[in-house]
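Protein chains in written order, with the working numbering: chain A, 2 to 363; chain B, 2 to 364; chain C, -9 to 301.
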Amino acid sequence: MNKRRSMLCAGLAAVVTGVLLHSPAVQANGPAKIGFVYVSPIGDAGWTYQHDLGRKEMMKNLGDKVETTFVESVPEGADAERVIREMAASGHDLIFATSFGYMNYVERVAKQFPNVRFMHATGYKSGPNFRNYNARFYEGRYLTGVIAGEMSKSNILGYVAAFPIPEVLQGINAFAMGARSVNPNAQVRVIWVNSWYDPGKEREAAQALIAQGADVITHHTDSTAVVQAAQDQGVYAVAYHSDMSKYGKDAHLTATTHHWGPYYTEVVEKMLNKEGMGESIWGGFKEGFVELAPINPVVPKPVQDKVAELKEKIAKGEFHPFTGPILDQDGKEIVPAGKTLTDEELSKMNFYVQGVNSKLPR
Amino acid sequence: MLRLEQRSCPSQIMRWLSPALAVGLTVLTGVVMLALLGKDPWRGFEVFFINPVKSTYALSELMLKATPLALCAAGLAIGFRANVWNIGAEGQFIVGAICATVVALYFGEYPFWTLALMVIAAMAGGAAWAAIPAWLKTRFNANEILVSLMLVYVANLMVSWLVFGPLRDPGGLNFPQTVMFEDTALLPVLIQGTRLNLVLVFVVVVLIAAYILMYRTHLGFRMRVAGESAKAARYSGVNAKSMVWLGMLISGACAGLAGMAEVAGPMGQLTDKVSSGYGFAAIIVAFVGRLHPLGIAFASLVMALFFIGGEQAQQYLALPGSISMVFQGMLLFYLLACDVLIRYRVAFGNLSVAKQVRKGALS
Amino acid sequence: MSLGLFESILFATIVAGTPLMLVALGELVTEKSGMLNLGAEGLMSIGAVAAFAASYTFESTVLGILAAMVAAMLLSMVFAFITINLMANQVATGLAVAIFGVGLSAFLGKPFEAKVLQAVPGYALPLLSEIPLLGPALFKQQWLVYVSWITLAAVAWFLGKTRAGLALKAVGESPQSAHAVGLPVIRIRYLAVMFGGAMAGLGGAFISLFHTPMWNEGMIAGKGWIALALVVFSTWRPWRVMLGAYLFGGVMISQLFFQSSSVQVEIPSQFLSALPYLATIVVLVLISSNAKMIRLNSPASLGKPFLKENS
């Protein structure tokens, strides 16, 4: 009896060991876990909303190979490190940290968790298991500037902006240059609301711009208030981050929209296939990171065609919005004719181009 | 009919039981809420209340989160006791952080001395920012609630201007941040592998100092008297103006110290996101802690627990971030309600006139 | 609309100041009864989300406003119960209301975040809106603005000219004495708190229905705290609430106009953004340095619980 039982146990042990030895070495226990750290509530439009759309698209593409978790409204301070670390420590394989202020915390946690992959949006640091990614929003801004320049009758374009970080300045400058490329009299007036999200203040800023003659306004803030203000006051608006046409169906000309889905899918697939992380990336129209929302039919067809043509050129690399000659506000030449700003120069931008009629806060 | 009847003397048992009761009620309500939302209540309980304390790292994070709350609250409690309403601790926190940063940037490479100077600068900065409402109150009778609150917004805008301008890291691609501090300007970590740093020692020192000041010195006695009754204060020779100055300066210095610990600790630099609401949360901690250092220590841990629990709930239960605020508010309501039982007991029925008279004669 | 610069600024100032004024008027009444309710931010948030939800669901602005007032009033009754019946500390309870209200509104408002509402159109008062310079700025506002002026007048009249107002102020000065002469202190305080709550809800409704017709968590963005500060600024006199609200709003709007004007001056935008707060402090100092004014107006029992046994 005992002998038979012990033989049975040995047999069982053999079978189990055999099964274990032959099972795939990694991800044996179900889908990969992908974590997302968001700086603001997802809401229904704006920076985080687009990232979340990307997350959902990635999930759709990869089905049950992945499962995701996300945490919203994580402040860019000491709390962020805890959240990121918690994700890393709880079995996540890949973490997307979607705001600049997480950079140093991602760096620290990445060092502590070398087997987890970290992707940081809009930063400039990277490491062995840690890359950054960003989008050339200015490409979209240039094209929307063209539309704005064409559609404006007062030649005053309004810009409601949050903080003078390089990305925002790239947007303002590209918008101004795009507008002036078709309308040399266009001027851009900027109001700094010192907040990424404050619908009341954004609306008041929009109305101040409109009251002073702006008939096309745009924004680099996170709510739909500017588009709604334009709709209420009967002027035009160009949205940012998301297509906001439902908030201003007459006012909304187009929007510079962010698209992270295909990139997120690609990054996760690389991880599933156990490939290397590749390079940090700054993608634009070419990579599909940036898109223009459908253009309002009120924009004349020739303008729409021109924009489509320019977009093609940018995507193919034949045209760069920041091509010289570029003069700054004081008329000094910053970029000579024929040259373009390098990525490094772009990421340090701290000037206004000619045509922006406000003083840069220093 | 339920009535509240004043006890002849405050119940010591309830003093300790009340917070436990409040936490229990909150947990109960929370679990019921989670069940109503379709989440597994046990899992909810575990994620919200157990996770933040289940490992050394978790505990260290809990304490790290609680320290700025305790620091600010200790100072605020002293002020509140003296009837000085400093609602602007958040602004003093920011200014303390700024002053500490300036020291770290220009004087940042000296072991021990850099940190010591940062502490002094931060406390001086916070006190100076609090001196504005103190001066406006004593000189012009301007209400300190409003002035200190307005100065919070001003402080925030000031730090924004500084990190976009004079203090900006030249190698930081024009983002609003300073350079990372040198190691000599960072608070040393107490437990390897965690982020809990020397600030814990600061907290203990400050809480002890606050206790000694308020309960073991004549000055503290006078401050408490001044707070209880303006008349009694005058009779005992307390100078109302100096109470205002003391209350504001002390709470400003503590808040400034907390700001220093934030930039010299988990952040390691100054950014425009340095303000995280500790100054306001500390007001609640001060009250929940019944303006007593020991109570404050406990209350800051509880607030931190709720905060971190909320983060956990987001990640593991897919609940929105606002759940944390809902629970914090609930805890406060229950605590304030339960605290009543310290001074009052629940009685039933209406007292007959005779009984009322007798009670009046006896008490 | 094409208004001149001055009219545009005035118009926008009134819009910006209206929610502040509504909330501050309510809190003023509350504080006149001796109750200090710091929960305005939470009450406004609850009001805003209730207003948007009801208005969207039932396609009625009026229902939205009623929902806002009722919802905020209910939350303020929680405050009243805890501070009046349970005699808890008012500052802490008010803060709890603020936190809880903001969190709860964010929580309950999630399904409404993607929804759009039509803005309420302005209503031009006949004749008055023809007045040159002031007419279009003052009298082409949305109707809740006119209601805010009526409310201001009503509150001023109530406090200054009615027996009920006198009773309220008596309760605020000395609840013991008021109790001794037979005034229902508890009931008066409850009603005062409820009025404050309803007004805060109304202010929140203005934000989410009239000012920026949307709901998103955090959209109150600190206006509740500003309103509380304005009550202090007003030294508890209703007309000064209007002064404070429009002063604050006016400086805020002016700096926006200044930033976007063709005048180019190198003033950091952060300094311009700080102006409304600094201006409020300066004016408060000027008002307060007349010490007699302050003493006469702040309710003596503000923030202290009413203990029946002590009277």
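Cβ atoms here follow ideal geometry from the backbone N, Cα and C, with glycine treated the same way. Please read these numbers as outputs of a predicted model, since none were measured by experiment.
By the neighbour-count criterion, in which a residue is buried when 16 or more other Cβ atoms sit within 10 angstroms of its Cβ, B:Asn52 is buried. Proximity of chain C to A:Glu168 at the Cβ level (cut-off 8 Å) is not reached, the minimal Cβ distance being about 17 Å. Neighbours of C:Trp215 in chain B, taken as residues whose beta carbon is under 7 Å from its own, are Leu150 in chain order. For the pair of segments examined, the segment 297 to 311 of chain A was found to touch the segment 143 to 158 of chain A: the number of CB pairs separated by less than 8 Å reaches three. The straight-line gap separating the alpha-carbon atoms of A:Val169 and C:Phe200 is approximately 30 Å. In this structure, C:Leu33 keeps its C-beta atom at 8 Å or more from the C-beta atom of C:Val81. Residue pairing for A:Gly36: DSSP places it in a beta bridge opposite A:Thr70, A:Ile96. The beta carbon of C:Val145 sits closer than 8 Å to the beta carbons of Leu15, Leu18, Val19, Pro228 from its chain, once the five residues preceding and following it are set aside; these are given in chain order. In the structure shown, the three-state DSSP call for A:Trp193 is strand. Residues of chain C whose Cβ lies closer than 8 Å to the Cβ of A:Gly146 do not exist, since the nearest Cβ in that chain is about 18 Å away. Taking a C-beta distance under 8 Å as the contact criterion, C:Ala88 and C:Ala61 do not qualify as a contact pair. With three or more CB-CB distances shorter than 8 Å, the segment 3 to 13 of chain C counts as touching the segment 119 to 134 of chain C.
Counted as a single uninterrupted DSSP element, the alpha helix (DSSP H) harbouring A:Met178 occupies residues 167 to 183. Closest in alpha carbon position to A:Ile43, among A:Val75, A:Pro32, A:Lys66, A:Phe323, is A:Val75.
Not flagged as an interface residue toward chain A: B:Thr195, since no C-beta distance is shorter than 8 Å. Around the beta-carbon of A:Gly92, fewer than 16 other beta-carbon atoms lie within 10 Å, marking it exposed.
For A:Asn62, the enclosing alpha helix (DSSP H) has its first and last residue at 48 to 63.
Going by beta carbons, A:Pro200 and A:Lys349 fall outside the 8 Å limit. The Cβ atoms of A:Tyr139 and A:Gln171 lie closer than 8 Å to each other. Burial state of A:Glu82 is buried, judged by a 10 Å Cβ sphere holding 16 or more other Cβ atoms.
Residues of chain A whose Cβ lies closer than 8 Å to the Cβ of B:Lys274 are, in chain order, Pro76, Glu77, Gly78, Gly102.
Nearest neighbour of B:Val120 by Cα position, chosen from B:Trp130, B:Ala129, B:Val104, B:Ile209, turns out to be B:Val104.
Within chain C, the residues Ser250 have their CB atoms less than 8 Å from the CB of A:Leu210, given in chain order.
Here A:Leu95 is actually not in contact with A:Met59; their C-beta atoms are around 10 Å apart, not less than 8 Å.
Membership of A:Tyr106 in the alpha helix (DSSP H) is indicated by the continuous run 104 to 113. Counting along the chain, no alpha helix (DSSP H) covers C:Tyr113, and no H or E run does either.
Here the segment 289 to 304 of chain B makes contact with the segment 58 to 77 of chain B; the two share three or more CB pairs at distances below 8 Å. For B:Gln7, DSSP records a beta bridge to B:Tyr345. The contact set of A:Asp233 on chain C, defined by CB atoms closer than 8 Å, consists of Ala109 in chain order. In this chain, A:Asn274 is not harboured by any beta strand (DSSP E), its DSSP state being neither H nor E. For B:Ile133, the enclosing alpha helix (DSSP H) stretches over residues 114 to 141. In chain order, Ser23, Met25, Ile74 place their CB closer than 6 Å to the CB of C:Arg179, counting only its own chain and leaving out the 5 sequence neighbours on each side.
The C-alpha of C:Ala143 lies about 27 Å from the C-alpha of C:Gly84.
Residue-level contact check: C:Met77 touches chain B, since one or more beta carbons of chain B fall below 8 Å from its beta carbon. Within 7 Å of the CB of C:Thr20, no CB atom of chain A is found; the nearest one sits about 24 Å away.
With a 10 Å radius around the Cβ and a threshold of 16 neighbouring Cβ atoms, C:Val171 comes out exposed.
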